[in-house]
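Chains as they are written, first to last, in the UniProt record's numbering: chain A, 1 to 134; chain B, 1 to 189.
Note that beta-carbon positions come from the ideal geometry of N, C-alpha and C, so glycine has one too.
Keep in mind that this is a model prediction, so the values were computed, not measured.
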């Protein structure tokens, strides 16, 4: 399978490590083989350099120019409703659920365990009908 | 310096279909099917343009990895020639005094070599998968190896040549052996 998502001007990225982790931002320029200049005026990321090892490429690309001013990046970001699309996307939902899981209390984890056991019991019942154990 | 993208492509000739999955390329043509894996090379292999072009990408390649792009393409091109025209290697039996006695059993899958430099030892070489060997009718002391896969045909020829080596002799004088004389295709234009 070939490279599907490219590092390009306007690629919306998700910072997965470092002080800006958890935030969306946009690649505004490529500094060198290892770093990009990213900007996320509407998501709270100050225009700064960020190594590619700290970002994940999303499926969204904005039609901005190289080194576009922050105000215009913000305008394009809002115009294309990136935050809404991100929250509805598969990757965005996965990130949100991972955050929720990490913030569960002990009681909530207990409730989760009970629910998981109930679910797996139902699944096993149905599996037995299809495929009996040897 | 790592090159961001090293890419190259070749056209797929008429009559050949190519599929590729996980760096295993399978080529089908009038002479049969050949497949080759490139799992040792870090490249992207894509079939584009509705099955007309094979494209190879190498991202952030150092010098040796970038060189692999054309190597992979050449290997795939050899697969194309193999399924379209096939490969034919001619080998000559060369001897000064002791005639090399060659026997090929009916299934054309192996060859027995006797009397090489008068030696009693019988050399038996099994041909590789898909390679057929026969004695030439047109020329005296000639063997013809035929097959679709270039690597297997040339390797079979090499096995025959290397089995007939004069030992503990001056090789400048004892020139006996079985040597590749011609490399062509089975289907001649």
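Using only CA atoms, which one of the options lies nearest to residue i?
i, options, result
"residue 15(B)", "65(B), 154(B), 27(B)", "27(B)"
"residue 83(B)", "124(B), 130(B), 70(B), 62(B)", "130(B)"
"residue 62(A)", "51(A), 23(A), 75(A), 118(A)", "75(A)"
"residue 94(B)", "160(B), 20(B), 151(B)", "160(B)"
"residue 187(B)", "31(B), 100(B), 162(B), 6(B)", "31(B)"
"residue 76(B)", "49(B), 98(B), 171(B), 25(B)", "25(B)"
"residue 42(B)", "53(B), 22(B), 138(B)", "22(B)"
"residue 127(B)", "139(B), 156(B), 66(B), 106(B)", "156(B)"
"residue 44(B)", "57(B), 19(B), 166(B)", "57(B)"
"residue 98(A)", "16(A), 31(A), 5(A), 83(A)", "16(A)"
"residue 111(B)", "62(B), 60(B), 132(B), 138(B)", "132(B)"
"residue 171(B)", "96(B), 140(B), 137(B)", "96(B)"
"residue 51(A)", "25(A), 44(A), 66(A)", "25(A)"
"residue 1(B)", "167(B), 146(B), 65(B)", "65(B)"
"residue 42(A)", "113(A), 5(A), 82(A), 95(A)", "82(A)"
"residue 10(B)", "29(B), 72(B), 35(B), 33(B)", "72(B)"
"residue 35(A)", "48(A), 23(A), 44(A)", "48(A)"
"residue 164(B)", "121(B), 33(B), 144(B), 147(B)", "121(B)"
"residue 109(B)", "147(B), 162(B), 67(B), 6(B)", "147(B)"
"residue 158(B)", "166(B), 167(B), 169(B), 145(B)", "145(B)"
"residue 54(B)", "17(B), 62(B), 40(B)", "17(B)"
"residue 29(B)", "68(B), 13(B), 139(B), 67(B)", "13(B)"
For residue i, write down the residues that DSSP places opposite it in a beta bridge.
i, result
"residue 132(B)", "146(B)"
"residue 51(A)", "35(A)"
"residue 101(B)", "114(B)"
"residue 29(A)", "37(A)"
"residue 55(B)", "9(B), 46(B)"
"residue 93(B)", "178(B)"
"residue 161(B)", "Its beta-bridge partners do not exist; DSSP assigns none."
"residue 68(A)", "Answer is none; residue 68(A) lacks a bridge partner."
"residue 3(B)", "61(B)"
"residue 57(A)", "13(A)"
"residue 34(B)", "27(B)"
"residue 24(A)", "14(A)"
"residue 19(B)", "26(B)"
"residue 45(A)", "40(A)"
For residue i, does the three-state DSSP call read helix, strand or coil?
i, result
"residue 87(A)", "helix"
"residue 118(B)", "helix"
"residue 40(A)", "strand"
"residue 16(A)", "coil"
"residue 24(B)", "strand"
"residue 139(B)", "coil"
"residue 80(A)", "coil"
"residue 49(B)", "coil"
"residue 112(A)", "helix"
"residue 127(B)", "coil"
"residue 181(B)", "strand"
"residue 11(A)", "strand"
"residue 104(A)", "coil"
"residue 126(A)", "helix"
"residue 186(B)", "coil"
"residue 88(B)", "strand"
"residue 14(B)", "coil"
"residue 167(B)", "coil"
"residue 80(B)", "helix"
"residue 94(A)", "helix"
Should residue i be counted as a contact of the ligand GTP given a C-beta to heavy atom distance under 6 angstroms?
i, result
"residue 123(B)", "Only the bare structure without any ligand can be found here, which leaves the ligand GTP out of the picture."
Assuming residue i and residue j are in contact, meaning their beta carbons sit under 8 angstroms apart, how far apart are those beta carbons, in whole angstroms?
i, j, result
"residue 102(B)", "residue 135(B)", "7 angstroms"
"residue 70(B)", "residue 149(B)", "That pair is no contact at about 20 angstroms."
"residue 91(B)", "residue 180(B)", "5 angstroms"
"residue 73(A)", "residue 12(A)", "Going by Cβ atoms, the distance from residue 73(A) to residue 12(A) rounds to 10 angstroms, so no, they are not a contact pair."
"residue 60(B)", "residue 4(B)", "6 angstroms"
"residue 54(A)", "residue 18(A)", "5 angstroms"
"residue 34(B)", "residue 79(B)", "5 angstroms"
"residue 104(B)", "residue 178(B)", "Not confirmed; about 13 angstroms, so no contact."
"residue 70(A)", "residue 39(A)", "6 angstroms"
"residue 45(A)", "residue 79(A)", "With 8 angstroms as the limit, residue 45(A) and residue 79(A) do not qualify as a contact, their Cβ atoms being about 18 angstroms apart."
Within 8 angstroms, do at least three Cβ pairs link the region 79-92 of chain A to the region 51-60 of chain A?
yes
Count the CB pairs spanning the region 86-93 of chain B and the region 165-185 of chain B that are closer than 8 angstroms, and state whether there are at least three.
yes
If contact is defined by three or more beta carbon pairs under 8 angstroms, each pair taking one atom from either stretch, is the region 42-51 of chain B in contact with the region 115-124 of chain B?
no
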